[in-house]
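Here's the structure we're looking at; comments come further down.
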Amino acid sequence: MDILLKTNQLLYDIMAEIHKNPNELQPEVAALIPWFIENLGNPKATVRKTTHKCIGTFVKFSRKLEYVLLQLIRVGLANQNQRTRQHSMLVIPALLSLKPQLVDDGASELHQLVQNICSKLRDPIEIVAKTARKLLLELKKCYPDTFEPKFVDVLSNSEDT
């Protein structure tokens, strides 16, 4: 078994302890989130899948979605690895579903995230740009009351190019 898969499984098991003792382990596991996001770009689908599971489990137990979204912006969407950029966007819908009040409240992290996703509409790698477009359309569909008109305009403009 690949070392990254073993590491992900071990960390996934440890994350259950966050729920039991949130103040004890949360800072240490939170420090690993950028590493997890880097692993979203791993060439092995099994590593990406277990990494996605670890990130989701961290959000579920810690309720620190805002922190994870900021890390996705800083580490994932800005990454040189096209697969990391793409898969950072692919995990977002599942993460948002874990804390829907963040979307309902229109948190500033959500606005930053959407702005960064909009910038990926012009990514030089076609699959990344297509993923950004699909994600924005999904956000618009799932959260129509929160999705600001300016983002709809961005999507309309991207269709023209």
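Its first residue numbered 37, the sequence shown is counted upward by one per residue in the working numbering.
C-beta: ideal position from N, C-alpha, C; glycine also.
| Item | Value |
| --- | --- |
| Would you call the region 65 to 76 and the region 106 to 121 touching, i.e. three or more CB-CB distances under 8 Å? | yes |
| Closest to L47 by CA distance: which of A67, F97, C90 and R158 is it? | C90 |
| According to the Cβ coordinates, are D159 and R119 closer than 8 Å? | no |
| Would L149 and V139 be called neighbours here (beta carbons separated by less than 8 Å)? | no |
| Is the CB-CB distance between V83 and D38 below 8 Å? | yes |
| According to DSSP, is N115 part of a helix, a strand, or is it coil? | coil |
| Rounding to the nearest angstrom, what Cα-Cα distance links L108 and K42 in this structure? | 23 Å |
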